[in-house]
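In the working numbering, the protein residues as written are 389 to 659.
For glycine and all other residues, C-beta sits at the position ideal for the given N, C-alpha and C.
What follows is a short report on a single structure.
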């Protein structure tokens, strides 16, 4: 292969896919519709949150791949991980489908499985930890970008009055959608940082464990995420977890009611 052909191949490996552009277009269009009050507000919030969540999943996986590329794994380009195309993931079910199902069923931002990194190409424990940490960092940044405008009151509207479970909010549906999507990003960040096999939190600490310990834990990795989801269905665990998420929202000046009412709008199929 000539040098020009190699450069052209690398360029194609990193070109943003049409699939991601479609997701981004849906996100922007639904955001404008909800903000301007066009159409059915509840369905608009649903489209905005689902599209926003899917875009964040793509960026989460891209961050893993991009960090791995700089760490030494040049195979991520040929695998299509740098194109932001969710259908290029090694396991689209874990990385894309299941996280969306979890949002639809329980309003939980459960992270998906990471892209497959050829770890033998990466040298240095710190580089391995950074690869795993890159994904949750994207969710944390996304949460801040979504929630800071809400907490700062930039979207308050005195002409709008929403009452829910004793809360009175003078905000637009768009602010509520941001609150719910921001909560999903925070929940994904906290969950992904748990040191559970199969999650990024474990990937951060794994390089620093002994070889014997890693071998003993390895068989449980495929079931870590599902085990966490099963635990979240337990009322006490679910309450404790969401109190932690809402506490993080409080730090950004956003009341939990934004996420809770936003979730009500999101589930447009309910009365």
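Can you name the start and end residues of the alpha helix (DSSP H) that residue i belongs to?
| i | result |
| --- | --- |
| residue 423 | 406-424 |
| residue 573 | 561-580 |
| residue 648 | 644-654 |
| residue 639 | 623-639 |
| residue 592 | 588-593 |
| residue 532 | 513-539 |
| residue 618 | 612-620 |
| residue 604 | 599-605 |
Please say whether residue j and residue i have beta carbons closer to each other than 8 Å?
| i | j | result |
| --- | --- | --- |
| residue 453 | residue 510 | no |
| residue 536 | residue 646 | no |
| residue 475 | residue 617 | no |
| residue 568 | residue 416 | no |
| residue 450 | residue 470 | yes |
| residue 410 | residue 422 | no |
| residue 496 | residue 620 | yes |
| residue 418 | residue 439 | yes |
Does DSSP put residue i in a helix, in a strand, or in coil?
| i | result |
| --- | --- |
| residue 461 | coil |
| residue 396 | Confidence is the limiting factor: at residue 396 the pLDDT is only 47, short of 50, which leaves the residue's position unreliable and the question unanswerable from this model. |
| residue 657 | coil |
| residue 609 | helix |
Using alpha carbons as the reference points, say which of the options lies closest to residue i.
| i | options | result |
| --- | --- | --- |
| residue 544 | 530, 562 and 528 | 562 |
| residue 591 | 503, 441 and 419 | 503 |
| residue 571 | 519, 409, 650 and 595 | 650 |
| residue 614 | 408, 487 and 421 | 487 |
| residue 656 | 412, 419, 411 and 428 | 428 |
| residue 584 | 609, 600, 564 and 560 | 609 |
| residue 642 | 403, 469, 559 and 404 | 559 |
| residue 633 | 579, 448, 441 and 418 | 579 |
| residue 526 | 448, 533, 648 and 624 | 448 |
| residue 577 | 637, 607 and 402 | 637 |
| residue 413 | 443, 624 and 401 | 443 |
| residue 401 | 521, 468 and 648 | 468 |
| residue 420 | 528, 521, 529 and 565 | 565 |
| residue 521 | 508, 624, 445 and 589 | 589 |
| residue 629 | 582, 599, 524 and 605 | 582 |
Keeping to the same chain, check which residues put their C-beta closer than 8 Å to that of residue i; ignore five residues upstream and five downstream.
| i | result |
| --- | --- |
| residue 505 | 452, 453, 456, 461, 464 and 519 |
| residue 391 | Below a pLDDT of 50, predicted positions are generally treated as unreliable, and residue 391, at 41, falls in that range; the measurement from the model is reported next regardless. No residues qualify anywhere along the chain. |
| residue 540 | 641 |
| residue 431 | 656 |
For residue i, collect the residues of the same chain with a Cβ closer than 6 Å to its Cβ; drop the 5 residues on either side in sequence, then sort them by chain order.
| i | result |
| --- | --- |
| residue 515 | 459 |
| residue 531 | 570, 573 and 574 |
| residue 393 | Only weak support is given to the placement of residue 393: the predicted model assigns it a pLDDT of 43, under 50, and the question is left unresolved by the model. |
| residue 587 | 580 and 612 |
| residue 528 | 577 |
| residue 533 | none |
In its own chain, which residues sit with a C-beta less than 7 Å from the C-beta of residue i, not counting the 5 before and 5 after it?
| i | result |
| --- | --- |
| residue 407 | 473, 474 and 475 |
| residue 594 | 602 |
| residue 596 | 513 |
| residue 466 | 401 |
| residue 625 | 619 |
| residue 644 | 634 and 637 |
When every heavy atom of the ligand FMN is checked, does at least one fall within less than 7 Å of the C-beta of residue i?
| i | result |
| --- | --- |
| residue 580 | Ligands displayed in this structure: none; no statement on the ligand FMN is therefore possible. |
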